[in-house]
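Novice:
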Amino acid sequence: MTGRALVVEADGGSRGNPGVAGYGALVRDAVTGRVLWEGAEPLGKESNNVAEYSGLIAGLRAVLRIDAGADVEARMDSKLVVEQMAGRWKIKHPDMRTLALEARDLAARISAAGGSVTFTWIPREQNKDADALSNAGMDGRTIDRMLGGSATGDAIGGSASGDATDPTNGEVVDEVVDELIDPQPSPPAAGPWEGTPTRIVLVRHGITDFTVASRLDGRGGADPSLNTAGQAQAAAAGRATAHLLGGSSARVVTSSLARARETGAAVAEAIGAAPVVDADWDEQDFGDWDGAAIPDLVRDHPAELTAMREDPAYRRPGGESHEELAARVVAAFERVVAAGGTSVVVCHRKPIMCVLAHVLGIPHDKVWRLAAAPGSLTALEVWPDGNVSVAFTNRT
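So, in structure tokens, the structure goes:
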């Protein structure tokens, strides 16, 4: 049986290459030509190729929201992306390999649902709509607009714009968050990825005065509350979580520390849930360094600070090591997975790093490359067979 025919048109650009980058993509009904979805997003400082791959990935994600079993033709004016995705050109750059694997994973999910994905190069003049959307992304706009024709008939609309800001400087950007985790059950697949996944959204708390002052703030320290900017970030995280869930129910779990409980309360209110505290999601205990200013440690204790960062067994007096932190966080994560359904966990940077390192197999010497800004969202899907898909990270 032939599935619904859809066309993805995708593009990306960078003003400087690398420079200010953004992507744009849309999905059309192949028969009527009607646009069913359009999207755009700024990417910060990236290359043209990263932006182009990001546009393709966004378009394929939108297909999964509209009709996961569709026959899809992905059209792009990037010869490089089309030839690499078709398997005719080698992918040498590590960033491109990562993005290509993500795009291929999405294509595999479409194929597993009974559809197919092919890739076609088109001249730039035939890709003007996606090009216009990518320019909107480079201009700082985030667009996620469902124009009709989704499998469930839902309209997930709206667009928002704003300049990206440093999340620790008191400014808050309240953007539309892509509904990358579909609240409806994913289509059944044969073999791996079968069944309904457990969905987990990790939210980092908003900032405190300790965050602004670059002070270590672990589970054994002063336990400060959110400041005014942190409260605004917590409210924005609540709105973003509610948009992401699209009205579906979810549990809310928080660490025992004040900043996480206060952020969790804002998230829980936004989605209509009652938060539950699990202290295993607390930040690392930094012992006698809790409350210390990082610039002072850099100046006075550089060797010890390096050891705490690089040696997973290093522990400050009265504190805990990274290994001990990871053991309790992974145990808490596995409890959330075992509960099934959808859970929102409001916690801290290092616990979020521990979860991502655990599911992705990232070694300790690379774990600090994972970013988790205050008020940001990170989302995962854990399937019954143990497969894990990281939908997105560090979204503010």
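Taking UniProt numbering, the leading residue of the sequence shown gets 1, the next gets one more, and so forth. The beta carbon of each residue, even a glycine, is placed where N, CA and C say it ideally should be.
Should G55 and G24 be called a contact, given that it needs their Cβ atoms to be closer than 7 angstroms?
Specialist: Yes; because the gap between Cβ atoms is below 7 angstroms, this pair is in contact.
Novice: Cβ of D288 versus every heavy atom of the ligand ADP: is any distance shorter than 6 angstroms?
Specialist: The model depicted lacks the ligand ADP and carries no ligand whatsoever.
Novice: If you run the structure through DSSP and keep just helix, strand and coil, what is T396?
Specialist: Note: T396 maps to coil in three-state DSSP.
Novice: Give me the Cα-Cα distance between G114 and G195, rounded to the nearest whole angstrom.
Specialist: Answer to the nearest angstrom: the Cα atoms are 15 angstroms apart.
Novice: Strictly by DSSP, which residues pair up with L380?
Specialist: L380 pairs with I200 and V390.
Novice: Opposite G24 in the DSSP bridges: which residues?
Specialist: DSSP lists D11 and A40 as partners of G24.
Novice: Note down the Cα distance separating A361 from A274, rounded to an integer number of angstroms.
Specialist: Per the sequence shown, residue 361 should be read as Gly rather than Ala. Those two C-alpha atoms are separated by around 33 angstroms.
Novice: G287: which of G220, V203 and P123 sits nearest, CA to CA?
Specialist: The option with the nearest alpha carbon to G287 is G220.
Novice: Can you grab the Cα-Cα spacing for the pair A307 / Y314, in whole Å?
Specialist: Rounded to the nearest angstrom, the two C-alpha atoms are 6 angstroms apart.
Novice: If contacts are defined as beta-carbon pairs under 8 angstroms, then residue 435 and P312 qualify, I think. What distance do you get, rounded to the angstrom?
Specialist: Here the chain covers residues 1 to 396 and nothing more, so residue 435 does not appear.
Novice: Let's test the definition: count the other Cβ atoms within 10 Å of the Cβ of D385 and tell me whether it reaches 16, buried, or not, exposed.
Specialist: By the neighbour-count rule (16 or more Cβ atoms within 10 Å), D385 is not buried but exposed.
Novice: Please classify D285 as buried or exposed, where buried requires at least 16 neighbouring CB atoms within 10 angstroms.
Specialist: Classification of D285: buried, given that the 10 Å Cβ count is 16 or more.
Novice: DSSP has D71 in a bridge; who is on the other side?
Specialist: Looking at the DSSP assignment, D71 forms a beta bridge with A5 and S116.
Novice: Roughly how many whole angstroms lie between the Cα atoms of R251 and L202?
Specialist: When rounded, the distance between both Cα atoms is 12 angstroms.
Novice: Alpha carbon to alpha carbon, how far is F333 from V355?
Specialist: Taking the straight line from one Cα to the other gives about 7 angstroms.
Novice: Mind checking which residues open and close the alpha helix (DSSP H) that includes T306?
Specialist: Segment P302 to E310, the alpha helix (DSSP H) holding T306.
Novice: So, do the segment 81-97 and the segment 112-131 have three or more beta carbon pairs nearer to each other than 8 angstroms?
Specialist: Yes: at least three Cβ pairs fall under 8 angstroms.
Novice: Excluding the 5 residues preceding and the 5 following V336 in the sequence, name in chain order all residues of the same chain whose CB lies nearer than 7 angstroms to its CB.
Specialist: I200, V253, S343 and V345, listed in sequence order.
Novice: When you compare the segment 210-229 with the segment 287-302, are there three or more beta-carbon pairs, one atom per stretch, that lie closer than 8 angstroms?
Specialist: Flag = yes, the segment 210-229 and the segment 287-302 touch.
Novice: Taking G39 as the reference, which of M146, D95 and V7 has the closest Cα?
Specialist: Per the Cα distances, M146.
Novice: Check each candidate in L6, N48 and L305 and name the one with the smallest Cα separation from T32.
Specialist: T32 has its Cα closest to that of L6, out of L6, N48 and L305.
Novice: Between I91 and chain D, is there a C-beta pair that is closer than 7 angstroms?
Specialist: In the structure shown, chain D cannot be found, because there is only a single protein chain.
Novice: Is K79 helix, strand or coil when you go by DSSP?
Specialist: In this structure, K79 counts as helix in the three-state DSSP scheme.
Novice: Terminal residues of the continuous alpha helix (DSSP H) containing R349?
Specialist: First-last of the alpha helix (DSSP H) with R349: R349 to L360.
Novice: Less than 6 angstroms between C-beta atoms, sequence neighbours within five positions excluded: which residues of the same chain meet that for T393?
Specialist: T378.
Novice: Can you give me the C-alpha to C-alpha distance between residue 397 and A232, rounded to a whole angstrom?
Specialist: Residue coverage of the chain in this structure runs from 1 to 396, which leaves residue 397 outside it and unanswerable.
Novice: Does DSSP classify L180 as helix, strand or coil?
Specialist: Any reading at L180 must be qualified, since the residue scores a pLDDT of 38, below 50, and its modelled position is unreliable; the value itself is stated next. Coil, per DSSP.
Novice: List the DSSP bridge partners of V346.
Specialist: Partner(s): V203 and T254.
Novice: What does a CB cutoff of less than 7 angstroms around A222 pick up in its chain, not counting 5 residues either side in sequence?
Specialist: Cβ neighbours of A222 beyond the five flanking positions: G291.
Novice: Going by the DSSP bridge assignment, what does V276 pair with across the sheet?
Specialist: V253.
Novice: Please list, in chain order, all residues of the same chain as G12 whose beta carbon is under 6 angstroms from its beta carbon, the five residues on each side excluded.
Specialist: If we look at G12 and ignore the five residues flanking it on each side, its Cβ neighbours are Y23, A51, E52, S54, G55 and S134.
Novice: Who are the Cβ neighbours of K79 in its own chain at under 6 angstroms, not counting the five residues just before and after it?
Specialist: Hits under 6 angstroms: W121.
Novice: Rounding to the nearest angstrom, what Cα-Cα distance links E102 and I57 in this structure?
Specialist: Computed Cα separation, rounded: 7 angstroms.
Novice: May I have the straight-line CA-CA distance separating G341 from L380, to the nearest angstrom?
Specialist: C-alpha separation (whole angstroms): 12 angstroms.
Novice: Could you check the C-alpha separation between T263 and V329 for me, to the nearest Å?
Specialist: In a straight line, the C-alpha of T263 is about 19 angstroms away from that of V329.
Novice: Measuring straight from C-alpha to C-alpha, what distance separates A237 and A62?
Specialist: Taking the straight line from one Cα to the other gives about 23 angstroms.
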